[in-house]
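FYI, in UniProt numbering the residues of the sequence shown are 1 to 432. Backbone N, C-alpha and C fix where the C-beta goes; we use that ideal spot for every residue, glycine too. None of the values given here were measured: they were computed from a predicted structure. For reference, the structure is listed below as structure tokens.
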Amino acid sequence: MPILVDSGAKVLLGHSDLLATFDAPLPPDISTLVIDTPDVVKERYTLVDNLARPESANWQNLRSLLAATKEIDAPTQRFRGMFSYTSGSTGRPKGIKREYNEDRPDPYTVFAGLARALMQLESGDRFYIAAPLYHSAPHALTLSCLAAGDVEVFIEAKFDPERFLADVQKHKITHTYIVPTMMIRLLKLPQSVRDKYDVSSLRYALSTGSSWPVEVKQGMIEWFGSIFFESYGASELGFMTLISSTEALQKPGSVGKVVPGGSLMILDDNMQPLPTGESGAIYVYLPMFGPFKYTNTEGTLEGLHHQNHTTLGDVGYVDEEGYLYINDRKKDMIISGGANIFPAEIEAVLIEMPQIVDCAIFGAPHAEFGEMVVVAVQCSQDETLSMEQVNAFLDGKIARFKWPKKLDLHLALPREDSGKIFKQRLKAAYIE
Numbered sequence: 001m002p003i004l005v006d007s008g009a010k011v012l013l014g015h016s017d018l019l020a021t022f023d024a025p026l027p028p029d030i031s032t033l034v035i036d037t038p039d040v041v042k043e044r045y046t047l048v049d050n051l052a053r054p055e056s057a058n059w060q061n062l063r064s065l066l067a068a069t070k071e072i073d074a075p076t077q078r079f080r081g082m083f084s085y086t087s088g089s090t091g092r093p094k095g096i097k098r099e100y101n102e103d104r105p106d107p108y109t110v111f112a113g114l115a116r117a118l119m120q121l122e123s124g125d126r127f128y129i130a131a132p133l134y135h136s137a138p139h140a141l142t143l144s145c146l147a148a149g150d151v152e153v154f155i156e157a158k159f160d161p162e163r164f165l166a167d168v169q170k171h172k173i174t175h176t177y178i179v180p181t182m183m184i185r186l187l188k189l190p191q192s193v194r195d196k197y198d199v200s201s202l203r204y205a206l207s208t209g210s211s212w213p214v215e216v217k218q219g220m221i222e223w224f225g226s227i228f229f230e231s232y233g234a235s236e237l238g239f240m241t242l243i244s245s246t247e248a249l250q251k252p253g254s255v256g257k258v259v260p261g262g263s264l265m266i267l268d269d270n271m272q273p274l275p276t277g278e279s280g281a282i283y284v285y286l287p288m289f290g291p292f293k294y295t296n297t298e299g300t301l302e303g304l305h306h307q308n309h310t311t312l313g314d315v316g317y318v319d320e321e322g323y324l325y326i327n328d329r330k331k332d333m334i335i336s337g338g339a340n341i342f343p344a345e346i347e348a349v350l351i352e353m354p355q356i357v358d359c360a361i362f363g364a365p366h367a368e369f370g371e372m373v374v375v376a377v378q379c380s381q382d383e384t385l386s387m388e389q390v391n392a393f394l395d396g397k398i399a400r401f402k403w404p405k406k407l408d409l410h411l412a413l414p415r416e417d418s419g420k421i422f423k424q425r426l427k428a429a430y431i432e
């Protein structure tokens, strides 16, 4: 509901089962169009298949409305802008508003360009997506395929590892979007299941959202070949960098080089450029989507601009060949006893521990040091873990002052569908 009010939306379209879950009346100035929930979605999820709310009598069914409309005039105005929201993994979702004018290419041209340049799509290719389209990366990639005009798009309502293999074989899928959690589920399939399917048609797979461990990367390459690409991106700026799986094995930890047409700078707190290898704020310029502004005061200070470049609060460095490495988000940085500690550095080491399936590092209040390092862990099946075992594994790999002081065990860590961990939920237990 806050997003509807913040965005100033005049029309809301939604599947019948989702609209039925609203727990408050919709604003009276918003027209609501109901879309019948597809059968394939009903099969994949447990749904509320009714319109139980009293005001539903005033909602219009989109299919019926279109059937009753004899003629629809083509739009006479140029595409004026785009409006999207961040995922809200670190707090309230922020509205991102872009306005377009005659000096900038319209989004259709931008998305068609992404299809060719980023996704390497050719006429007749087939793109498969099993990630939520309300996330920015799946949304942008799907629109890119549609804008290309000569690419078939296959949308699966919910990811299932074996169904994915079956669909690749059946439809001769050439391109897909996949996140690390999907890869891990695929690699857990028995060899007998893997051998049932021919996936040789697949030649490009793009991943965003979160980094994936080296052993996962190696396992996927051994199975599918060197078809994988990673991109460092954000709702505000789009796909900022790109790195192939082959490059990633040669440059472990890197998110690649800035995409063609873009540029990046690493700046210190005084907005001065830092030399190669030194960490600072990452500022990126991409001409594709153009400038943006946040629609709420909470987010206005996060998107800082400098010489047409924008930072989203991430900290990192570039090597002598121009490859970018991200230390972490500045807001995730832990300051303990005056020392800066980046969770991503510790997470990258701990995920290699055999007993650990998933982990997250975050800071919690500490009376003496300001903050202490806490690790949240999901163990392998039938495994358990102690603080002593964790620190023994870290010994010799990272400095002792970065070692976690507290261990929280979880059956599963709270993750978005995009793969990002909701660290705010983990930290909530430590905040009074």
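Given a cut-off of 8 angstroms on the beta-carbon distance, is the pair Phe334 and Glu383 in contact? Here residue 334 corresponds to residue number 334 of the sequence shown, with the count starting at 1. Here residue 383 corresponds to residue number 383 of the sequence shown, with the count starting at 1. Sequence inspection shows Ile at residue 334; the Phe mentioned does not correspond to that position. In this structure, Glu383 does not lie closer than 8 angstroms to Ile334 by Cβ.
Taking a contact to mean a Cβ-Cβ separation below 8 angstroms, would you say Thr310 touches Leu264 in this structure? As a working note, residue 310 is residue 310 in the sequence shown. As a working note, residue 264 is residue 264 in the sequence shown. Against a cut-off of 8 angstroms, the Cβ pair of Leu264 and Thr310 comes out as no contact.
DSSP-derived helix/strand/coil call for Glu230: Mapped onto the sequence shown, residue 230 falls at position 230. Three-state DSSP puts Glu230 in a strand.
Beta-carbon proximity of Pro404 to Ile341, cut-off 8 angstroms: The residue given as residue 404 occupies position 404 in the sequence shown. The residue given as residue 341 occupies position 341 in the sequence shown. No, they are not a contact pair.
Determine the direct distance from the alpha carbon of Ile184 to that of Ala339, and round the result to whole angstroms. The residue given as residue 339 occupies position 339 in the sequence shown. The residue given as residue 184 occupies position 184 in the sequence shown. Approximately 34 angstroms between the Cα atoms of the pair.
For the 8 angstroms Cβ check, are there 3 or more pairs between the stretch 160 to 171 and the stretch 103 to 118? no
With a floor of 4 residues, list each alpha helix (DSSP H) that falls wholly inside the stretch 168 to 207, ordered by position along the chain. 180 to 187, 191 to 194
Since Leu407 sits in a beta bridge, which residues does DSSP pair it with? Locating residue 407 in the sequence shown gives position 407, counting from the first residue. Looking at the DSSP assignment, Leu407 forms a beta bridge with Val375.
C-alpha gap between Ile129 and Leu312, whole angstroms: Locating residue 129 in the sequence shown gives position 129, counting from the first residue. Locating residue 312 in the sequence shown gives position 312, counting from the first residue. The straight-line gap from Cα to Cα measures roughly 27 angstroms.
Three-state secondary structure assigned by DSSP to Ser7: For the purposes of this step, residue 7 is taken as the residue at position 7 of the sequence shown. Ser7 falls in the helix class under three-state DSSP.
For Thr241, does the count of other Cβ atoms within 10 angstroms reach 16, so buried, or fall short, so exposed? The residue labelled residue 241 in the question sits at position 241 within the sequence shown. Buried, by the Cβ-count rule.
Using the rule of at least 16 other Cβ atoms within 10 Å of the residue's Cβ for burial, across every protein chain shown, is Tyr232 buried or exposed? Working through the sequence shown from its first residue, we reach residue 232 at position 232. By the 10 Å Cβ count, Tyr232 comes out buried.
Under a three-way DSSP split, which group does Ile30 fall into? Here residue 30 refers to the residue found at position 30 when the sequence shown is read from its first residue. Coil, per DSSP.
For Val199 and Val168, which I take to be in contact (beta-carbon distance under 8 angstroms), what is that distance rounded to the nearest angstrom? For this step, residue 199 is matched to residue 199 along the sequence shown. For this step, residue 168 is matched to residue 168 along the sequence shown. At roughly 5 angstroms, the Cβ-Cβ gap stays under 8 angstroms, so Val199 and Val168 are in contact.
Roughly how many angstroms separate the alpha carbons of Pro27 and Glu156, rounded to a whole number? By one-based count along the sequence shown, residue 27 stands at place 27. By one-based count along the sequence shown, residue 156 stands at place 156. Roughly 32 angstroms separates the two Cα atoms.
Span separating the alpha-carbon of Lys94 from that of His410: Against the sequence shown, residue 94 aligns to sequence position 94. Against the sequence shown, residue 410 aligns to sequence position 410. Near 29 angstroms, if we compare the C-alpha coordinates of His410 and Lys94.
Please give me, in chain order, every unbroken run of the beta strand (DSSP E) with length at least 3 that falls completely inside the stretch 294 to 351. 304 to 306, 309 to 311, 314 to 318, 324 to 329, 334 to 336, 339 to 341
Who pairs with Asp358 in a beta bridge, going by DSSP? What you label residue 358 is simply residue 358 of the sequence shown in a count that begins at 1. Paired residue(s): Gln378.
Does the separation of the CB atoms of Glu349 and Ile398 fall below 8 angstroms? By 1-based counting over the sequence shown, the position of residue 349 is 349. By 1-based counting over the sequence shown, the position of residue 398 is 398. It should be noted that the sequence gives Val, not Glu, for residue 349. Taking 8 angstroms as the Cβ cut-off, Val349 and Ile398 qualify as a contacting pair.
Same chain, Cβ closer than 8 angstroms to Thr276, five either side skipped, listed in chain order: As a working note, residue 276 is residue 276 in the sequence shown. The answer, listed in chain order, is Tyr317, Val318, Asp319, Glu320.
Going along the chain, which unbroken runs of the beta strand (DSSP E) with 3 or more residues stay wholly within the stretch 205 to 292? 228 to 230, 241 to 244, 254 to 258, 263 to 267, 280 to 285
What do you get for Pro273, buried or exposed, if any count of 16 or more other CB atoms within 10 angstroms of its CB means buried? One-based indexing of the sequence shown puts residue 273 at position 273. Burial check for Pro273: the Cβ neighbour count within 10 Å stays below 16, so the residue is exposed.
On a Cα-Cα basis, can you pick out the residue from Thr208, Lys172, Leu146 that is closest to Ala234? Residue numbering aside, residue 234 sits at position 234 when the sequence shown is read from its first letter. Just measuring C-alpha positions, the residue of Thr208, Lys172, Leu146 sitting nearest Ala234 is Thr208.
For Leu249, the nearest candidate out of Tyr323, Leu304, Lys188, Leu187 (CA to CA): If you number the sequence shown from 1, residue 249 lands on position 249. Checking every option, the nearest Cα to that of Leu249 belongs to Tyr323.
Tell me whether Met82 sits in a helix, a strand or coil according to DSSP, three-state version. Position 82 of the sequence shown holds residue 82. Per DSSP, reduced to three states, the secondary structure at Met82 is strand.
Buried or exposed, going by whether 16 or more other CB atoms sit within 10 Å of the CB of Trp212? For the purposes of this step, residue 212 is taken as the residue at position 212 of the sequence shown. Buried is the call here.
Quick one, which of Ile35, Val40, Ile221 has its alpha-carbon nearest Ser64's? For the purposes of this step, residue 64 is taken as the residue at position 64 of the sequence shown. Per the Cα distances, Ile35.
Whose C-beta lies closer than 6 angstroms to the C-beta of His139 among residues of the same chain, with five residues either side of it excluded? For the purposes of this step, residue 139 is identified with residue 139 of the sequence shown, where counting begins at 1. The beta carbon of His139 sits closer than 6 angstroms to those of Leu133, all from its chain and outside the five residues before and after it, given in chain order.
Going by DSSP in three states, Pro107 sits in which element: helix, strand or coil? For the purposes of this step, residue 107 is taken as residue 107 along the sequence shown, with counting starting at 1. Three-state result, Pro107: helix.
Per the DSSP calculation, Gly14 is bridged to which residue(s)? Indexing the sequence shown from 1 puts residue 14 at position 14. Looking at the DSSP assignment, Gly14 forms a beta bridge with Val34.
Starting from Glu416, trace the alpha helix (DSSP H) in both directions and tell me its first and last residue. Here the question's residue 416 lines up with position 416 in the sequence shown. Counting along the chain, Glu416 falls outside any alpha helix (DSSP H), and DSSP gives it neither H nor E.
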